Amino acid sequence: MKRAALLVICLMTLGSAFSQDFVKGGNYISLGYGLDPYRGSSNIGNNYIGHGGGVAYERGVTDVLGIGRIGAGGGISTMFYSYHSSISDFNTVRLTLSARATYHFEFDVPKLDVYAGLGFAFNMDFEETNIIGLTNKKKNTHIGRPNYHQVFAGIRYYFTDAFGVYAEFGHGHRAASAGVVFSF
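Following my numbering, the numbering of the sequence shown begins with 158 at its first residue and continues without gaps.
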């Protein structure tokens with residue numbers, strides 16, 4: 158009987174030692190890589206997909222409100238777009254600074270964090286177009302679109318209290334991304 162009670166206590170302690178809820182005052186840093194098929198058309202009328210990485214910081218802002226908690230933070234990321242045809246090459250590097258607000262659902266599942274959110278970003282695009290046969294490349298820098306929006310949902314799975322992985326899907330800067338998350 159003592160062994161069974163000890164085993165139950167150990168299992169309960171082990172489960173809570175590795176559970177990671179999103180908490181008020183918690184700090185979270187994510188490093189990830191993603192794809193963006195929403196870039197649209199280049200000035201020569203063809204769609205292409207971007208890829209890139211970034212870092213984001215988030216802080217738990219509230220205790221439980223409704224069925225979850227609110228977090229706020231921001232990030233910096235880069236995306237690389239490239240299109241090549243028989244008549245031209247079109248390359249863009251996009252630097253994005255973003256502010257995000259998230260709602261983390263309280264499902265009481267150990268090691269799991271499910272969230273959704275909104276964001277607003279400021280972009281700086283560095284574009285280069287090379288028309289085949291011409292010696293001069295055309296370079297443009299576009300700064301702006303501060304009303305650039307993000308709508309996303311994601312899931313985090315923690316292996317320890319301080320380390321986990323995440324996947325995020327949405328519309329805006331990246332359609333799909335994945336990476337690692339650190340909490341402290």
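We put the beta carbon where it would ideally sit given N, CA and C, even for glycine. All figures in this text were calculated on a predicted structure; none of them were measured in a lab.
At the level of alpha carbons, what is the spacing between residue i and residue j?
| i | j | result |
| --- | --- | --- |
| D265 | G225 | 10 Å |
| M236 | E215 | 21 Å |
| E285 | A335 | 28 Å |
| M281 | T253 | 6 Å |
| D246 | H306 | 28 Å |
| I186 | F277 | 18 Å |
| G223 | P194 | 34 Å |
| K181 | V221 | 9 Å |
Can you tell me the Cβ-Cβ gap for residue i and residue j, rounded? I've got them flagged as a contact below 8 Å.
| i | j | result |
| --- | --- | --- |
| S255 | H330 | 7 Å |
| A333 | F326 | 5 Å |
| A213 | G228 | Actually they are not in contact, since the Cβ atoms of A213 and G228 sit about 11 Å apart, beyond 8 Å. |
| F320 | F339 | 6 Å |
Just to confirm the assignment, what range does the beta strand (DSSP E) spanning residue i have?
| i | result |
| --- | --- |
| I233 | G225 to H241 |
| V322 | F320 to H328 |
| R251 | S245 to F262 |
| T286 | L269 to I288 |
| D193 | N184 to D193 |
| F339 | A333 to S340 |
Please report whether the beta-carbon of residue i lies at a distance below 8 Å from any beta-carbon of chain E.
| i | result |
| --- | --- |
| G207 | No chain E is present in this structure, which holds just one protein chain. |
In this structure, how does DSSP classify residue i when only helix, strand and coil are distinguished?
| i | result |
| --- | --- |
| F309 | strand |
| V212 | strand |
Can you find a heavy atom of the ligand SAM that lies under 7 Å from the Cβ of residue i?
| i | result |
| --- | --- |
| H241 | With respect to the ligand SAM, the structure offers nothing, as it holds no ligand at all. |
Cβ contact check for the stretch 309-327 and the stretch 272-282: 3 or more pairs under 8 Å: Cβ pair count under 8 Å is three or more, so yes.
Cβ contact check for the stretch 184-192 and the stretch 207-223: 3 or more pairs under 8 Å: Per the Cβ contact rule, the stretch 184-192 is in contact with the stretch 207-223 (3 or more Cβ pairs under 8 Å).
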